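Participant:
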Ligand code: SF4
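Residue numbers (this note's numbering): 2 to 363.
(1) Using a threshold of 8 Å, state whether the C-beta atoms of residue 230 and residue 74 are closer than that.
(2) How many Å lie between residue 184 and residue 32 at the Cα?
(3) Just to check my reading of the structure: residue 63 and residue 78 have Cβ atoms closer than 8 Å, yes? What is that Cβ distance to the nearest angstrom?
(4) In chain order, what residues place their C-beta within less than 5 Å of a heavy atom belonging to ligand 1?
(5) Thinking C-alpha only, which one of 322, 301, 314 and 8 is nearest residue 51?
(6) Where do the ends of the alpha helix (DSSP H) carrying residue 3 lie?
(7) Report the CB separation of residue 256 from residue 181 in whole angstroms; it is logged as a contact under 8 Å.
(8) May I have the straight-line CA-CA distance separating residue 264 from residue 334, to the nearest angstrom?
(9) Could you give the first and the last residue of the continuous beta strand (DSSP E) run that contains residue 18?
(10) Quick check on DSSP: helix, strand or coil for residue 348?
(11) Hey, how far is the Cα of residue 356 from the Cα of residue 60?
(12) What is the DSSP secondary structure of residue 67, reduced to helix, strand or coil?
(13) Tell me the rounded alpha-carbon separation between residue 362 and residue 54.
(14) Is the stretch 277–296 touching the stretch 238–248, taking contact as three or more C-beta pairs under 8 Å?
(15) Quick check on the DSSP output: the beta strand (DSSP E) that includes residue 164 runs from which residue to which?
(16) For the beta strand (DSSP E) holding residue 363, just list the boundary residues, first then last.
(17) Where does residue 372 land, buried or exposed, given buried means 16+ other C-beta within 10 angstroms?
(18) Do residue 121 and residue 152 have their C-beta atoms within less than 8 Å of each other?
(19) Could you have a look at residue 107 and say whether DSSP puts it in helix, strand or coil?
(20) Give the straight-line distance between the Cα atoms of residue 140 and residue 125, rounded to the nearest whole angstrom.
(21) Measure the alpha-carbon distance for residue 308 versus residue 276 and round it to whole angstroms.
Structure below.
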């Protein structure tokens with residue numbers, strides 16, 4: 002196994018496109034060979050994007066936590082009658098956008114619950130309000146689930162919704178709602194969400210009309226290693242076709258306050274080994290992605306730093322007003338000072354650089 006692994010890693014570093022079986026082999030490594038995989042991924046990262054660690058100054062605006070869906074991994078959404086429901090109106094959203102401007106953010110990120118009264122117009126209105134208040138700030142918002150929901154509510158095609166959102170100010174779309182792109186798993190964790198095929202179709206539509214998106218995976222719940230590989234293979238195939246993904250963001254499952262965990266349908270999140278391997282295997286397998294992000298919100302800053310020396314080159318955002326992971330039970334998710342990012346990057350022998358949403362250096 003030792004020799005086989007080393008040969009595979011050498012081949013990949015020399016340009017061999019890793020097969021799905023090979024990725025599966027790497028995900029199953031449980032001994033000190035994970036350091037060899039991490040080292041190979043780190044080398045790939047250095048060759049592909051250099052030594053900078055990037056971050057974006059961003060703020061969330063979650064418009065509402067009321068949601069018609071009941072995803073098993075979600076600790077954020079509320080149903081009518083629950084305590085703590087909120088819905089921000091124009092005034093409140095523009096106040097938040099003004100605050101974002103004062104905080105000198107370059108990106109406002111909005112993803113919300115699927116409000117029972119929302120339609121395509123509601124999403125577009127929100128982007129217009131943000132654009133009015135903070136015209137220079139990039140709006141990174143929605144995801145394929147929200148686009149599908151808006152389309153259904155407004156009797157429009159998803160392509161029409163994307164075009165309308167784009168006109169209203171949407172600069173790039175979140176590649177969330179992907180969770181695991183395997184329908185059997187989706188049925189267990191988010192049965193009301195769009196299918197794998199729909200997610201892929203909407204992402205491709207966005208890319209085709211010039212809306213870049215991120216790509217994500219949520220792992221560490223009830224998926225298998227095969228499911229993770231299938232997911233990565235779908236992302237790689239899309240990227241080959243469209244080149245529309247800006248980055249890959251592995252999202253480690255936060256389990257504490259989720260129905261899935263309470264009902265014993267999911268385990269208590271990924272382990273450190275799995276977090277590390279997810280970043281490293283992604284860097285090695287996704288040979289057509291430039292940027293691999295580690296989420297300090299999901300993994301904590303110490304594990305995120307290890308991700309930086311296992312293939313990742315980006316620390317995500319400052320995340321003013323994070324509330325989705327907080328809802329699921331994560332702590333210290335609201336804002337990370339770039340000074341702390343710099344300490345962590347420099348400690349790993351790297352330089353921190355600020356970027357825009359689309360990875361232009363500021
Ligand atoms: S993950 Fe999104 S769609 Fe699912 S319940 Fe939570 S807010 Fe609603």
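Heads up, the beta-carbon is just placed ideally off N, CA and C, and yes, glycines get one too. These numbers were taken from a predicted model, which means no experiment stands behind them.
Facilitator: According to the structure shown:
(1) no
(2) 31 Å
(3) The Cβ separation is near 10 Å, so there is no contact.
(4) Ordered along the chain, residues surrounding ligand 1 are 68, 70, 72, 75, 78 and 114 [Cβ under 5 Å from any heavy atom].
(5) Nearest of 322, 301, 314 and 8 to residue 51, Cα basis: 314.
(6) It spans 3–14 - the alpha helix (DSSP H) in which residue 3 sits, taken as one unbroken run.
(7) Actually they do not touch by this definition, with Cβ atoms about 15 Å apart.
(8) 25 Å
(9) Segment: none, residue 18 is in no beta strand (DSSP E) and carries neither H nor E.
(10) If DSSP states are grouped into helix, strand and coil, residue 348 belongs with the helices.
(11) 14 Å
(12) strand
(13) The alpha-carbon atoms of residue 362 and residue 54 are separated by roughly 11 Å.
(14) yes
(15) Judged by DSSP secondary structure, residue 164 falls outside any beta strand (DSSP E) and instead within the alpha helix (DSSP H) spanning 159–169.
(16) That residue, residue 363, is in no beta strand (DSSP E); it is neither H nor E in DSSP.
(17) This structure does not reach residue 372, given that the chain is present from 2 up to 363, and the question cannot be answered.
(18) yes
(19) Residue state, collapsed to three classes: coil.
(20) 11 Å
(21) 8 Å
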